[in-house]
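Below: one structure, written as C-alpha cells.
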Amino acid sequence: MPFLARIMALLAGDPQADRTVPPTGYTARLTLFTSAAMAFLAVFALALSLATGRLANRWSAELAQTSTLRISAPVDQLAAQTRAALTVLETTPGVAQARPLTADEQRALLAPWFGPDLPVETLPIPQLIEIIEDSDGYDATGLRARLQAEVPGAVLDDHTRWREPLVAAAGRLRTLGLVAILLIAASTGAMITLAANAALAASAQVIRVMRLVGARDIYIARAFVRRFTLRALTGATVGMIAGILAVMLLPRSDVAGGFLTGLGFQGAHWLWPLVIPPLAAIVAFFATRAAALRTLREQS
Amino acid sequence: MIALENVAYTYGGGELFSGVDLTLAPGSFHFLTGPSGAGKTTLLKLCYGELTATAGHVRVFDQDTRSMDRDAIAMTRRRIGVVHQDCQSLDHLSVGENVMLPLTVAGRGAEVGGNLKDLLGWVGLTAQADQLPPQLSGGERQRAAVARAVIMSPDVILADEPTGNIDWEMSQRLLTLLIELNKMGKTVLVATHDLSLIRTAKAQVATRVLRLKDRRLQLAGADL
Chain F
1 MPFLARIMAL LAGDPQADRT VPPTGYTARL TLFTSAAMAF LAVFALALSL ATGRLANRWS
61 AELAQTSTLR ISAPVDQLAA QTRAALTVLE TTPGVAQARP LTADEQRALL APWFGPDLPV
121 ETLPIPQLIE IIEDSDGYDA TGLRARLQAE VPGAVLDDHT RWREPLVAAA GRLRTLGLVA
181 ILLIAASTGA MITLAANAAL AASAQVIRVM RLVGARDIYI ARAFVRRFTL RALTGATVGM
241 IAGILAVMLL PRSDVAGGFL TGLGFQGAHW LWPLVIPPLA AIVAFFATRA AALRTLREQS
Chain R
1 MIALENVAYT YGGGELFSGV DLTLAPGSFH FLTGPSGAGK TTLLKLCYGE LTATAGHVRV
61 FDQDTRSMDR DAIAMTRRRI GVVHQDCQSL DHLSVGENVM LPLTVAGRGA EVGGNLKDLL
121 GWVGLTAQAD QLPPQLSGGE RQRAAVARAV IMSPDVILAD EPTGNIDWEM SQRLLTLLIE
181 LNKMGKTVLV ATHDLSLIRT AKAQVATRVL RLKDRRLQLA GADL
C-alpha cells in the first residue's frame, strides 16, 4: 500500500514544483498523440489475441467432440458392414450417438467437386458414419481394434489430423497478437524516452539552476515523470476508447461471416482494454524516470 | 566550514592553479581577488561542489566533496548560499518565486510565510516581487540573487562578483547586506576585482583578502 500511496501522491503532484519546470507544449502534444495511437493499435492486437484464442478453443472443442467412420466395402456388403459397425459403436462406452449419413448428405459433401446431380447410389463410394462423443470421449485405439476384427472395411478418423494444424495455426496467431502487444509497449517506452530526453534537453538551464539551489535529482526527475505519466495515461485512454469504438463498429460475424469479422471482444473480455491505459502509464513512469535520472547523472 | 588542502585544478590540459590551501572559519569574512581568468569563479565552484578538484582535497562541512554523491552535494548546497555572477534565475518564474526556489526544491515551500516579504523588503524588491527577472535591472537581479542565497539561512555565503554590473551606490548597499549577514554569524566569501569595495568593507568588518595570481593563492598584504 505505501507504494500505491506514493504513486497517488506523485500523480496528485506538487503544484509549486510543477511550475518550476516549464512544460514544453510541442513534446506534450506529440506524447499524447503517440500514446493514443499506440493504445488504439493495442486494442486491435488484444482483440486479435482474444479472438484467435476463442477460435482455437472452438475448433479444438467442436472437432474433438466428433469423429467419422468411413466404411469402404463392395456394394453388396456395404449395408451389412454399416450395420455391424453401428452395433459396435452403440456398445462402445463414450459414444453418445452414431448415425450413418444419408445419401442426400453425402451428395451435399461431394457437390463441390462433382456438381449437384451426382447419382451417389450407383457409385462405389464409402459410407460415412458420424460419431458424436459424450463429454468423456471414447478410447480410439480400443475402438479401432474392435472394428478391425468385426468390420474390416472401416476406417476411423477422429479428426486429430485436421484439428492439430488448425489449433496450432490459431495458437500462433494468438502468439503474434501477444508479441504485437509487447512490441507496442516497448515502442511506447522508446517513444516516451525520446520525448523525455527532448524535454530534459530543452530544460537543461532550468535543471542546472535547480541543482545549484540544492534540488535533489529525484525532485527534478519527479516533475518530468509526473508529466509524462499523466500524458501517457490520458493519451492511452483516448486511444483505447477510440479502439473500442472501432471494434464495436466492425461488422458482426453472424452478418458478414468469415474469420476476420470474428475479431472483437465477447463478454468479460470487453474489460481487457481497460488494462491498456494503466499499462501505458506504468511504461511511461519507468521510461521517464530512467531517462531523467540518467540525464541528470550525465550533467555536471 | 570549508577547507581546501593543496588543491589544484586543471582545465583542458592547462593548470589553472595548484597548491591552494584555504580555510574558511565560521563567522569569517574573506575577499577573493585577482585578475580576470585567474580562476576565482572556479575556486568558488570547487567550494559548492559544482567542480571537483583535480588534485588535493576540498572539505565542505568536514566532508570531502570527491566522495560525496549527488544527493549529498544537493544537501550541502542547501547550507551554502551562492550569489552567482550571472544570477542564474529562472526567467519564467516571478522574482518572489525565484527567491524562494531553494525552499521550494527542498520541499519546504510552505514554510516561507512572511519571511519572503521581509526578505524582499530587506533587499528593496517588495514592489518587484511579481515581476519576471528579465524585467528587472542588473542591480535588482543581483539583489534578488542575494535574497535567494540567504533564504535558507545558510551557514556559508559565497558571492561571485556580486557588484559586477551595478553602480557604486548599489554595490554599497549590497556590501552592507553581506556585512550584516556576516555579523549574524554567517561565513562570507566574496570574489571581486573591485578594490574600492574591499577598502570600504575593511573599514566596517574584519576581513582577509586572498589574491589568486600566477596560479597560486596568496594572502594579500596591507597594501589594499
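Which chain is which? The protein sequence lines are F and R, in order.
Per the numbering used here: the first sequence = residues 1 to 300.
Per the numbering used here: the second sequence = residues 1 to 224.
Every residue, glycine too, gets a C-beta built ideally from N, C-alpha and C.
Where in the segment 122–157 of chain R do unbroken runs of the alpha helix (DSSP H), each at least 4 residues long, occur, reported from the N-terminal end onward?
138–150
Buried or exposed: where does residue 132 of chain F fall if 16 or more other Cβ atoms within 10 Å of its Cβ makes it buried?
With fewer than 16 Cβ atoms within 10 Å of its Cβ, residue 132 of chain F is classed as exposed.
Between which two residues does the alpha helix (DSSP H) harbouring residue 235 of chain F extend?
217–249
When Cβ atoms are compared, which residues of the segment 86–106 of chain R fall closer than 8 Å to chain F?
88, 89, 90, 92, 93, 97, 101, 102, 104, 105 and 106
Using a C-beta cutoff of 8 Å, does residue 78 of chain R count as contacting chain F?
Taking Cβ atoms only, chain F reaches closer than 8 Å to residue 78 of chain R, which makes this a yes.
Got a sec? Which residues, its chain only, sit under 8 Å from residue 299 of chain F by beta carbon, not counting five neighbours each side?
204, 207, 208 and 211
Cβ closer than 8 Å: which chain F residues qualify as neighbours of residue 74 of chain R?
211, 214, 215, 216 and 217
By how many angstroms is the C-alpha of residue 79 of chain F removed from the C-alpha of residue 265 of chain F?
Taking the straight line from one Cα to the other gives about 48 Å.
What's the gap between the Cα of residue 216 of chain R and the Cα of residue 160 of chain R?
19 Å
Does residue 66 of chain R have its Cβ less than 8 Å from a Cβ in chain A?
The structure shown contains no chain A; the protein chains it does contain are F and R.
Residue 22 of chain F touches chain R at which residues, Cβ-Cβ below 7 Å?
92
Do the CB positions of residue 276 of chain F and residue 240 of chain F come within less than 8 Å of each other?
Yes; because the gap between Cβ atoms is below 8 Å, this pair is in contact.
With a cut-off of 8 Å, does the C-beta of residue 206 of chain F fall near any C-beta of chain R?
yes
If you reduce the DSSP assignment to three classes, tell me which class residue 61 of chain R lands in.
Coil at residue 61 of chain R, not helix or strand.
Going along chain F in order, which residues have a C-beta closer than 9 Å to the C-beta of residue 112 of chain R?
Here the premise fails: no neighbours, minimum Cβ distance about 10 Å.
List, in chain order, every chain F residue whose beta-carbon is nearer than 7 Å to that of residue 155 of chain R.
Under the 7 Å cutoff, chain F gives no residues; its nearest Cβ is about 13 Å from residue 155 of chain R.
My output table needs one value for residue 86 of chain R: the three-state DSSP class, helix, strand or coil.
coil
For residue 140 of chain R, which residues in the same chain have their Cβ closer than 7 Å to its Cβ, ignoring the five residues on either side in sequence?
125 and 128
So with CB distances below 9 Å, who are the chain F contacts of residue 70 of chain R?
211, 216, 217, 296, 297 and 300
Give a yes or no on whether 8 Å exceeds the smallest Cβ distance from residue 148 of chain R to chain F.
yes
Cutting at 6 Å between CB atoms, please list the residues of its own chain near residue 178 of chain R, excluding the five before and the five after it.
188
For residue 77 of chain R versus residue 213 of chain F, is the C-beta distance shorter than 8 Å?
yes
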